[in-house]
Amino acid sequence: MSKGITKRSENYSQWYNDLVVKADLAENSAVRGSMVIKPYGFAIWEKIQAQLDKMFKETGHENAYFPLFIPKSFFSKEAKHVEGFAKECAVVTHYRLKATADGKGVEVDPDAKLEEELIVRPTSETIIWNSYKNWIQSYRDLPILINQWANVVRWEMRTRLFLRTSEFLWQEGHTAHATKAEAIEETIKMVNVYAEFAENFMALPVIKGTKSENERFAGALETYSIEALMQDGKALQSGTSHFLGQNFAKAFDVKFTDKEGKLDYVWATSWGVSTRLMGALIMAHSDDNGLVLPPKLAPFQVVIVPIYKSQEELDKITNKANEIMALLRAKDITVKYDGRDTHRPGHKFAEYELKGVPVRIAIGPRDLEQNNVEIARRDTLEKKIYSQDNIADTISGLLADIQENIYNKAHKFREENTFKTNSYQEFKDILENKGGFILAHWDGTPETEEKIKAETKATIRCIPIDAEEEDGKCIFTGKPSKRRVIFAKAY
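Take the sequence shown: its position 125, counted from the start at 1, is 124 in numbering that gives the first Met the number 0, and no numbers get skipped.
In C-alpha cells form, the structure reads like this:
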C-alpha cells in the first residue's frame, strides 16, 4: 500500500497529501476549499477532542454553543478584530431560493435580501460577548469559563487538507474575569494545557512563547502559542491563547459591579486549537510507509490478524483472539480483530502499517501450539515473538514504550534542527539549506520583522516564555536586543 506514497525526500508536500488520502483520513469535497473527514480521520479527531475536553473540564470550564451566523454590525464594534478577519469572511445576503424560469434549477430570490447581512462564524468573540452582556452584572457572576466545540469558516484561496481549509473544526474557549491578573493567569494556564496535551498525548515537543505584535491575534493585547517543528523543517503553530484585555467588554459594553461597588469593564481571554492538530500529528511522526500514530491517540492501539488455511484453524484462532481482546480491554487498551476473509494477511499488514496502528499481533496455528504470538511495532517496524502469558502486561508496556519513543524521536529531531546565529547571512543560509528553528536577536520592531519576512519568508514564531535575557544585536539592523526569538518558515 505504501507504494503509492511519494517519499518525503522527493516531495514532502506530495508525501503529506498522499498520506492523508491513502490512509483514509480525509478527501477534498465538492465544495472548493472544504474537506470530508472520513471515519478513520474523524476517529483520531474524536480522541483529540475527548482528551482536551476532559482537560478543559478539569480546569473548571463548561461547554456551550453559540450561533453559526453573526450579524455584520457586531464586527463593526471591534475595529482591530474585524480588520484581522475581513478578507476571510463568508457573508450570507439572502434567505431564500426560487425555481428558475425554465423550471430546471434554482436561483437566489432577489426579493429575499436580508435587512442585515450575516457573517458565517470565523471566530465567536463578537457573538459571545453580546451574550455575556446579558449574563454579567456583578462580580458574583464572574468568572465565566466557557468552551465551544464548533466549525468555523475562513475563506482560503490556497487550501490543504487539515492544515488550511475554508471550513474546519475546532474548539474555542471564551472567558470573562473580574481582574486583569485573573485573565492573564487564565491565558497562561490554557497555553500550558495545550502544551501538556501536545507533549503527553500527541508525543509532540512544543515551545511555549508569546507572539510578536505582527503575529498577534486580531484584537488581542497578548497572544501565547505553542510551536512545533515538522519533519521538513517548517514550524506549525499548534495552539493559541489570547489575553484580550477589556477590548471586547468595551465594544459590547459589558460592565460589572466590583466588590467595592464600582462599575468596571470585564477582562477577557480566548483560546483555541483546530483540526490543524491532525496535520501536526501526521507531519511530525509519519514515515514513507504511512502514518505513525502515538498510542494515546490511535483509533485502536492493537490489531489482531489471524493467519490460517482452514475454517477449523480460524475458529481456534478466533477463540484465542477473543481471550486476548478481553484481557487487553480490561486494561483499557483499544483492540480490533480483523477476521475478514476477503483480504490476505499480507494485505492487512500493509493496511495497518499505512494507518499507523501502534501494535500488530499475528496469530497462526503454530502460535497456538507454542503459546506464542508475533508482535510488530509500528514505530520501529520491529517484529518479535512473545509468550501469550501475561500478554496484556506485555502490550501495555509496549504501548508506553512506543509513546515515549515517538516523542523522543521528534524531540531529537527538533534539537538537531534548532540553530543559534548572530549573522544575517548565516540566518539566510540556514533557512535556505536546512530549515528548522533559528534563535536570533531581533530589535523588537514590527518594521524589522516585516523586512526579514519579505526577504526570507521567515516569521517570528514566538518569543519563548523561558528565554533568558541576553545582550546582543539584531541580526538585521544591528540595534540592541535583550533576548533571542525563534524564527522559522511556517505553515
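Just so it is clear, CB atoms sit at the ideal spot from N, CA and C, and this is done for glycine as well.
Check                                                                                                                                                        : Outcome
Measuring alpha carbon to alpha carbon, tell me which of Ala-325, Leu-380, Ala-175 ends up nearest Ile-246.                                                  : The question names Ile, but residue 246 in the sequence shown is Asn. Answer by Cα proximity: Ala-175.
Report buried or exposed for Thr-92, applying the criterion of at least 16 other Cβ atoms within 10 angstroms of its Cβ.                                     : exposed
Rounded to whole angstroms, what's the CA-CA distance from Thr-417 to Ser-237? Just pull it up for me.                                                       : 18 Å
The alpha helix (DSSP H) spanning Phe-84 covers which residue range?                                                                                         : 78 to 84
Along the chain, which unbroken stretches of the beta strand (DSSP E) at least 3 residues long are found entirely within the region 65 to 125?               : 68 to 70, 89 to 93, 96 to 98, 105 to 107, 112 to 119
Using only the alpha-carbon positions, how far apart do Thr-379 and Ile-43 sit?                                                                              : 21 Å
Where does Ser-33 fall in DSSP's three states?                                                                                                               : coil
What is the DSSP secondary structure of Phe-167, counted as helix, strand or coil?                                                                           : strand
Considering Cα atoms alone, identify which of Glu-350, Thr-393, Gln-387 is closest to Gly-3.                                                                 : Glu-350
Helix, strand or coil: which one does DSSP assign to Arg-275?                                                                                                : helix
Quick check: the Cα distance between Lys-179 and Ala-98, rounded to an integer number of angstroms?                                                          : 55 Å
Cα separation between Ile-405 and Asp-286?                                                                                                                   : 12 Å
Expressed to the nearest angstrom, what Euclidean distance is found between the alpha-carbon atoms of Asn-150 and Tyr-307?                                   : 46 Å
Checking the sheet assignment: what are the DSSP bridge partners for Ser-137?                                                                                : Thr-256
Check the DSSP bridge columns for Ser-240 and list the partner residues they point to.                                                                       : Tyr-223, Trp-270
Between which two residues does the beta strand (DSSP E) carrying Ser-386 extend?                                                                            : 382 to 386
Where does Tyr-336 land, buried or exposed, given buried means 16+ other C-beta within 10 angstroms?                                                         : buried
Given a cut-off of 8 Å on the beta-carbon distance, is the pair Lys-6 and Asp-23 in contact?                                                                 : no
Whose C-beta lies closer than 8 Å to the C-beta of Lys-233 among residues of the same chain, with five residues either side of it excluded?                  : Gly-434, Ala-487, Lys-488, Ala-489, Tyr-490
May I ask you to report which of helix, strand or coil DSSP gives Arg-376?                                                                                   : strand
Hey, which unbroken runs of the alpha helix (DSSP H) at 4 residues or more fall wholly within the region 158 to 220?                                         : 179 to 199
List the whole-angstrom C-beta distance separating Glu-116 from Val-81, where the pair is believed to meet the contact cut-off of C-beta under 8 Å.          : The pair is not a contact, with the Cβ atoms about 13 Å apart (cut-off 8 Å).
What are the partner residues of Pro-357, as DSSP defines its beta bridges?                                                                                  : Its beta-bridge partners do not exist; DSSP assigns none.
Would you call the CB atoms of Phe-41 and Gln-147 closer than 8 Å?                                                                                           : no
Can you tell me the Cα-Cα spacing of Lys-157 and Ala-267, whole angstroms?                                                                                   : At residue 157 the sequence reads Arg, which differs from the Lys that was named. For Arg-157 and Ala-267, the distance between alpha carbons rounds to 32 Å.
With DSSP as the reference, label Gln-424 as helix, strand or coil.                                                                                          : helix
Check Leu-290 in the structure and name its three-state DSSP category.                                                                                       : coil
What residue range is occupied by the uninterrupted beta strand (DSSP E) comprising Val-152?                                                                 : 143 to 152
What residue range is occupied by the uninterrupted beta strand (DSSP E) comprising Val-334?                                                                 : 334 to 336
Return the chain-ordered ranges of every beta strand (DSSP E) run that is complete within the region 408 to 465 and spans a minimum of 3 residues.           : 417 to 419, 436 to 440, 458 to 463
Using a Cβ distance threshold of 8 Å, determine whether the region 201 to 213 contacts the region 434 to 448, with at least three qualifying pairs required. : yes
When the Cα of Ala-329 is compared with those of Ser-395, Ile-485, Lys-112, Arg-482, which residue comes out closest?                                        : Ser-395
Report back the beta-carbon spacing between Val-129 and Phe-251 to the nearest angstrom; my notes put them in contact at under 8 Å.                          : Checking the sequence shown, residue 129 turns out to be Asn, not Val. At roughly 6 Å, the Cβ-Cβ gap stays under 8 Å, so Asn-129 and Phe-251 are in contact.
Would a C-beta distance cut-off of 8 Å place Phe-475 and Ile-451 closer than the cut-off?                                                                    : yes
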